[in-house]
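In the numbering used here, the protein residues as written are 8 to 171.
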Amino acid sequence: MKKEKNTIMSNMYEENLEKLGIVLPTPVPPVANYVPFVQTGNLLSISGQIPVDSEGMFPYIGKVGVEISEGDAVKAARLCAINIISQARVACGGDLSRIIRIVKLGAFVNCINSFAGQPTIINGASDLMVDVFGQAGKHSRSAVGTNALPLNVPVEIDALIEIS
């Protein structure tokens, strides 16, 4: 029964991705001394994902409030969420049905000191998690402003996911 439910959930998650027009990219390998994900027990920790597209390009570069608009930063956060899901699928052996819950997103926004719209930007990722995983996509999170991020990207997001 549980396997049947998981298969249904996986199909639903994959169908939701398809309805949204999302084809998950092949995850980008780490560029430093870390691993893309770690599983301990039934928790999967996904390392910080940046807005790199399926071609390996960075469509969003810069600091929010200077080079990047708030709207483009929301799109960058959504792209980070796509990359999180992509890493999670690899970690789960290609089987999204193993995802029980998106537990937490930890998000950083490269922005000017006076910017206070981090929560709005990170909704780009949070909304996608709910669009794909439904109630299982609702999560706790942090949305923090910072003065710089790697490669001058506007957003970086990590995740904690419960899996079976």
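No residue lacks a Cβ here, since even glycine has one placed at the ideal position from N, Cα and C.
Secondary structure note for F44: its beta strand (DSSP E) is the uninterrupted segment F44 to T47.
With respect to V151, I128 sits apart: the two C-beta atoms are not nearer than 8 angstroms. If you look at T153, you'll find it isn't in any alpha helix (DSSP H); it sits in the beta strand (DSSP E) that goes S147 to T153. DSSP lists S52 and K111 as the beta-bridge partner residues of L167.
Here E169 really is in contact with R108; their C-beta atoms are around 4 angstroms apart, less than 8 angstroms. Rounded to the nearest whole angstrom, the CA to CA distance from F44 to P37 is 10 angstroms. For the set L31, P32 and V71, the Cα lying nearest the Cα of N120 is the one of V71.
Apart from the 5 residues on each side of it in sequence, V42 sits with its Cβ closer than 8 angstroms to the Cβ of S54 in its chain, given in chain order. In terms of Cβ geometry, N49 and S147 do not form a close pair [threshold 8 angstroms]. In the DSSP assignment, T127 falls within the unbroken alpha helix (DSSP H) covering Q125 to F140. Distances from the alpha-carbon of L51 to those of R105, V73, V81 and A39 put R105 closest.
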